[in-house]
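Heads up, the thing below is written out as structure tokens.
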Amino acid sequence: MSNVVSNNTSEVQSDVKKVVLPKTSESEHLKRIRHTTSHVMAMAVQKLFPKAQVTIGPWIENGFYYDFDSPEPFTEKDLKAIKKEMAKIIRRKLPVVREEVSRDEAKSRIQAINEPYKLEILDDIKGDPITIYHLGDEWWDLCAGPHLESTAELNPDAIALESLAGAYWRGDETKAQLQRIYGTAWETPEQLTEYRRRKEEAIRRDHRKLGKELGLFVFSDLVGPGLPMWTPKGTLLRSTLEDYLKQEQIRRGYLPVVTPHIGRVDLFKTSGHWQKYRDDLFPMMADGDEARQHEDGFVLKAMNCPFHVQIYKSELRSYRDLPLRLAEFGTVYRYEQSGELGGLTRVRGFTQDDAHLFVTPEQLDDEFLKVVDLIQTVFHALNLTNFKARLSFRDPDLDKYIGGDDAWEKSQNAIQRAVETLGLPHFMGIGEAAFYGPKLDFMVQDALEREWQLGTVQVDYNLPERFDLEYVAEDGSRQRPVMIHRAPFGSLERLIGILIEEYAGDFPLWLAPVQIRLLPVTESHLPFARQVAADMRAQNIRAEVDESGERLGKMIRNAEKAKIPIMSVVGDKEVEAQALSIRTRASGELGQIPIAEVTERLAAAIANFSNF
RNA sequence: GCCGAUGUAGCUCAGUGGUAGAGCACUCGAUUCGUAAUCGAGCGGUCAGGGGUUCAAAUCCCCUCAUCGGCUCCA
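Here the first sequence is numbered in the working numbering, starting from 181 and rising by one per residue.
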């Protein structure tokens, strides 16, 4: 009875001894282990590939990596050889010795071994002395440490080399591409096993896998990469989310609008997007070569703001009209780099829950706070608690932004004030701003611990300027409004990807594409089941009947695999009693409940975002 | 876009130079069944696509496409 958990999901079994995994950022010891392991790996690599040059090799949350410049590309087989070599080094119990040297001394030693990357790294190290860490007397690298005292403290069975990747020197794609080896190292082999188990579990939650299994969305090579298509079940999920937010927005004074999927190039020239993102748009549609030459054509929209701005501009606005909140579930297309695409989290066609608020400067703070409140409300309703707010400000050293310093100051201050007023925990993201303004971004992690932006609020003084927006103030003067761009979900695609992983496919009742499935014990009970389901659908309950004609056990199994929250067995007893035998995914069998009561409770639970 | 890996039936996968396989799904037949898989039969593949090597290619080589892990980018 206790085990209602399906055996193909990943829940931790209570009888398995729990291994606690330390975090690198919180464990000095683990930092030392990973630092030292990365040095051992680098030494092993240079032993096997003498031409390989060593660059940088830090610890990361789940392990470490090291970047090499090697004329011969590493292969998966090489990883095995490197791992073997590492074990050898570890068994030799080499002491790890810290040495302090002067800048000049470091320089001459680097020149002696001819490692130009190290020279660049040396230039970056501020202050003296320079620290060098030696492994025995055969290998050393510039390193701030700290390290273990000896390779003897490492356990080869707690170390694994995980993957190969390309990585640009200094993260700059115009510079040399290096080869990165990712590895992981733990205090004990048990920790490594646990780490691997968690990784497996994460893969089971992967929305690409679950989306396929649950039949929510599909891709097609013929349609094209990064262009998801939503199945009937996925579409139910999507529209439930849409309906929820639409309702919430209407309550908050948003006005719905609809705008086209394409617009003239000139529109995007005015906004500045064309100059900035031309290559990231699907190619222009132009009627003939001459039109093409003059850039007199149309492009698929990659954002909705310029369209909403045109609606704003369609009439003379009074201060009495503001704030004007124009909202649209707008589908946009971005020609993302092929290597960037993945599942639903990064796609080429997606729908933003977009809105643009046109406000007076005096209204800015208040409206901004209201938007943050909406986002928090939405995240709460979705049970997304594991997010971090990021202040995405401009990097003053870069010149990829439009607008004057004054506008930027004002915008960034408005965001700063908002998070302070709310006491919202946040972190800084310098250089993460949009080109027209700073943002407050709500960041979440997927199952594989990659960070994604969902909700966003942006303050913008620049587009109102570029489009020459105005309103008539109380004194009759023409004033410029401020714009707030905002999207609580960010995009429906990404949100759903994240939600699938967050819930591991077990959607809460109100979101579940199918809320209840009726299972007729024999085919003779089908008409009864169909009637009950139809009555439930009339109450806006997403009910369906298992028409397979399978045996009950099989139907239950299928419903469990489909992660349907509620099952109802209908047989002679139920027809007789005008009741339903209820089995929930969360709590197992609940026994017989009269049909009217089931319907009523279901409808109430759905309305309250609660369980049955 | 770059580095690396992968691509066999709708799905999950086996098959390393000699006649394409399994389980599930699907269709049909039998069974009419009470809380996680009834039995049997059948259907289903240009082995991602194209080119090459070979007497012979899913298997070896080249190109393209897609997917995955990273990097870069992300309005």
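In this text, a Cβ means the ideal position worked out from N, Cα and C, and glycines have one as well. Predicted, not measured: the structure shown is a model, and the values here were computed from it.
Within 8 Å, strictly: CB atoms of residue i and residue j
i, j, result
"LEU158", "VAL750", "The displayed coordinates of the chain run from 181 to 792. Any statement about residue 158 would go beyond what the structure contains."
"PHE215", "GLU367", "For clarity, residue 215 is His in the given sequence; the question names Phe instead. No, these two residues do not count as a Cβ contact at 8 Å."
"LEU161", "LEU417", "Within the shown structure, residues of the chain are numbered from 181 to 792, placing residue 161 beyond reach of any answer."
"ASP715", "THR779", "yes"
"LYS178", "THR217", "Outside the displayed range of the chain (181 to 792) lies residue 178, so it cannot be described from this structure."
"LYS257", "ARG432", "no"
"LEU274", "GLY316", "yes"
"ALA482", "LEU506", "no"
"ILE270", "THR331", "yes"
"GLU422", "PHE509", "yes"
"GLU673", "PHE530", "yes"
"ALA613", "TYR641", "no"
Residue i, DSSP secondary structure in three states
i, result
"GLU508", "strand"
"ASP423", "helix"
"SER400", "coil"
"SER186", "With a pLDDT of only 35 at SER186, under the threshold of 50, the placement of this residue in the model should not be trusted, and no figure is reported."
"PHE448", "helix"
"GLN772", "strand"
"LYS273", "coil"
"GLN517", "coil"
"ASP460", "helix"
"GLU777", "helix"
"LYS753", "helix"
"ALA614", "strand"
"ARG630", "coil"
"HIS701", "Strictly speaking, residue 701 in this sequence is Val, with His absent from that position. Residue state, collapsed to three classes: coil."
"VAL437", "coil"
"ASN788", "coil"
"ALA466", "coil"
"ILE721", "coil"
"TYR683", "helix"
"GLU329", "coil"
"LEU602", "helix"
"SER205", "helix"
"VAL694", "coil"
"ILE595", "helix"
"LEU228", "helix"
"ALA345", "strand"
"LYS392", "helix"
"GLY729", "coil"
CA nearest to the CA of residue i, picked from the options
i, options, result
"GLU724", "ASP640, ARG697, GLU279 and LYS743", "ARG697"
"LEU259", "ALA507, LEU341 and GLU682", "LEU341"
"ILE721", "LEU562, ALA787 and SER704", "ALA787"
"PHE687", "GLY729, ALA709, ALA766 and GLN758", "ALA766"
"HIS219", "LEU210, GLU208 and PRO238", "PRO238"
"GLY477", "MET464, ALA267 and ASN484", "MET464"
"PHE607", "ILE595, GLU381 and ILE442", "ILE595"
"TYR297", "GLY363, TRP349 and ALA784", "TRP349"
"ASP249", "GLU279, SER288, LEU358 and LEU435", "LEU358"
"GLN233", "PRO251, GLN711 and TYR245", "PRO251"
"PHE548", "LYS306, THR601 and LEU524", "THR601"
"GLU654", "ARG497, ILE664 and ALA709", "ARG497"
"LEU732", "SER748, GLY316 and GLU333", "SER748"
"ALA776", "LEU770, LEU760 and THR764", "LEU760"
"LEU554", "PRO336, VAL479, ARG660 and ILE430", "ILE430"
"VAL512", "LEU506, GLU353 and ARG528", "ARG528"
"PHE813", "PHE399, ILE746 and TYR424", "This structure cannot settle anything about residue 813, because the visible part of the chain is limited to 181 through 792."
"GLY363", "ASP545, ARG376, ASP352 and THR354", "ARG376"
"GLY519", "PRO405, LYS392, GLU673 and ASP726", "PRO405"
"TYR246", "ALA709, MET409, ILE582 and MET223", "MET223"
"GLU329", "GLU318, ALA338 and HIS314", "HIS314"
"ALA134", "TRP588, GLN455, ASN593 and PHE669", "Because the chain in this structure spans residues 181 to 792, residue 134 falls outside the shown range and cannot be described."
"TYR457", "ASP467, PRO605, THR439 and ARG514", "ARG514"
"PRO412", "LEU396, GLU295, LYS392 and LYS426", "LEU396"
"PRO774", "LYS753, PHE789 and THR764", "LYS753"
Anticipated Cβ contact below 8 Å, residue i with residue j, distance rounded
i, j, result
"ARG658", "GLU645", "Actually they do not touch by this definition, with Cβ atoms about 13 Å apart."
"ASN566", "GLN633", "In fact, because the Cβ distance is near 14 Å, the residues do not count as touching under 8 Å."
"ILE744", "VAL694", "5 Å"
"ARG283", "ASP321", "Contact doesn't hold; Cβ gap of about 16 Å is too wide."
"GLN532", "SER671", "5 Å"
Touching by the beta-carbon criterion (3+ pairs, under 8 Å), the stretch 439-453 and the stretch 480-497: Three or more Cβ pairs closer than 8 Å define a contact, and the stretch 439-453 meets that threshold against the stretch 480-497.
Meets three-Cβ-pair contact criterion under 8 Å: the stretch 613-621 and the stretch 562-574: Counting Cβ pairs under 8 Å, three or more are found: they touch.
Contact between the stretch 673-683 and the stretch 385-398 (3+ Cβ pairs under 8 Å): Touching, yes.
At least three beta-carbon pairs within less than 8 Å, the stretch 536-550 to the stretch 494-506: Touching, per the Cβ criterion.
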